[in-house]
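Note that the protein sequences, when read in sequence, are chains A and B.
Here the working numbering is used: the first residue of the first sequence is 32, the next is one more, and so on.
Here the working numbering is used: the first residue of the second sequence is 150, the next is one more, and so on.
For every residue, glycine included, the Cβ atom is placed at its ideal position computed from N, Cα and C.
All figures in this text were calculated on a predicted structure; none of them were measured in a lab.
Following: one structure in structure tokens, then a few remarks.
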Amino acid sequence: TQLLEQSPQFLSIQEGENLTVYCNSSSVFSSLQWYRQEPGEGPVLLVTVVTGGEVKKLKRLTFQFGDARKDSSLHITAAQPGDTGLYLCAGFNTNAGKSTFGDGTTLTVKP
Amino acid sequence: DAGITQSPRYKITETGRQVTLMCHQTWSHSYMFWYRQDLGHGLRLIYYSAAADITDKGEVPDGYVVSRSKTENFPLTLESATRSQTSVYFCASSGQGRGWSEAFFGQGTRLTVV
């Protein structure tokens, strides 16, 4: 069983601060996805990273895939209250045909 | 409307009853998934399907049954509901290929077993 560990589990910061969320595994993934989930809703895809070392930016969010494709990070610059939510990473294994999800990071951004 | 829809959104049932949660997608995605989400456990895969008439177990399949006679539908049945199956259930679909997978999730069904 492939495991994904996310840290921190909870994060509460003030508006305007920067933060980084980590997603680590001992397994290699074909790709890794980041999702954001709001209360009462299903997760929504933010980004997919495929190549080792890849960096993708989505406005104030920067996603990086580790060189060995075992880990990833999500960095948010100047966090806004609208960034509040549960952030989930998911590693996809082509051979298994399915994804493994981390337990998530609950982010609260206070105005 | 295009997308993935789950029904019902909320369900309360009694221990021992059979319950079926419905999932319908309009993208013709080949893959469909059922997850449960509990506090402290994140999303755990119950069953998934690579195509019509092809299903496979995930991490936590015990007590659940799935079928997929049509590409667009993937119902999940709890044969005899137990309190431990109280959870939020999410259905997802994916058009996988080229080594990557992006899943699109429904809004979830909150199931309470009393």
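Per-residue contacts from residue i into chain B (C-beta, under 8 Å)
i, result
"G133 of chain A", "G191"
"L119 of chain A", "G191, L192"
Sub-9 Å separation of residue i and residue j beta-carbons
i, j, result
"V52 of chain A", "Q64 of chain A", "no"
"G257 of chain B", "Q186 of chain B", "yes"
"I203 of chain B", "R217 of chain B", "yes"
"A230 of chain B", "V262 of chain B", "yes"
"T169 of chain B", "E221 of chain B", "no"
"Q234 of chain B", "L192 of chain B", "no"
"S57 of chain A", "K101 of chain A", "yes"
"G73 of chain A", "G212 of chain B", "no"
"Y184 of chain B", "S242 of chain B", "no"
"G207 of chain B", "F182 of chain B", "yes"
"F94 of chain A", "V78 of chain A", "yes"
"L138 of chain A", "L119 of chain A", "no"
"Q111 of chain A", "R91 of chain A", "yes"
Listed by chain order, chain A residues near residue i by CB distance under 8 Å
i, result
"G257 of chain B", "G71, E72, G73"
"E251 of chain B", "Q64, L76, T79"
"Y197 of chain B", "G128, K129"
Bridge partner(s) assigned by DSSP for residue i
i, result
"T169 of chain B", "B:T226"
"N55 of chain A", "A:E36, A:D102"
"L42 of chain A", "A:L138"
"L50 of chain A", "A:I107"
"T93 of chain A", "A:K88, A:H106"
"S177 of chain B", "Its beta-bridge partners do not exist; DSSP assigns none."
"A303 of chain B", "Here chain B comprises residues numbered 150 to 263, so residue 303 of chain B is not present and cannot be evaluated."
"L63 of chain A", "A:V80, A:G122"
Partner residues on chain B for residue i, Cβ-Cβ distance less than 9 Å
i, result
"G84 of chain A", "In chain order: nothing, as chain B lies at least about 16 Å away."
Contact list for residue i against chain A, beta-carbon separation under 9 Å
i, result
"L194 of chain B", "K129, S130, T131, F132"
Contacts that residue i makes with chain A (C-beta to C-beta distance below 7 Å)
i, result
"F223 of chain B", "Near F223 of chain B there are no residues of chain A at all, since even the closest Cβ is about 14 Å away, more than 7 Å."
Nearest-angstrom Cβ-Cβ length linking residue i and residue j, presumed shorter than 8 Å
i, j, result
"T115 of chain A", "Q40 of chain A", "Rounded, the Cβ-Cβ distance is 15 Å, inconsistent with contact."
"L42 of chain A", "C54 of chain A", "Not confirmed; about 14 Å, so no contact."
"F223 of chain B", "C172 of chain B", "5 Å"
"L225 of chain B", "V237 of chain B", "That belief does not hold up - the Cβ atoms of L225 of chain B and V237 of chain B are roughly 13 Å apart, past 8 Å."
"L76 of chain A", "E251 of chain B", "5 Å"
"G83 of chain A", "A99 of chain A", "6 Å"
Does the count of Cβ pairs from the segment 41 to 49 of chain A and the segment 123 to 133 of chain A closer than 8 Å reach three? no
Pair every Cβ in the segment 161 to 169 of chain B with every Cβ in the segment 100 to 113 of chain A, then say whether three or more of these pairs are closer than 8 Å. no
Per the contact definition of three or more C-beta pairs closer than 8 Å, is the segment 198 to 213 of chain B in contact with the segment 116 to 127 of chain A? no
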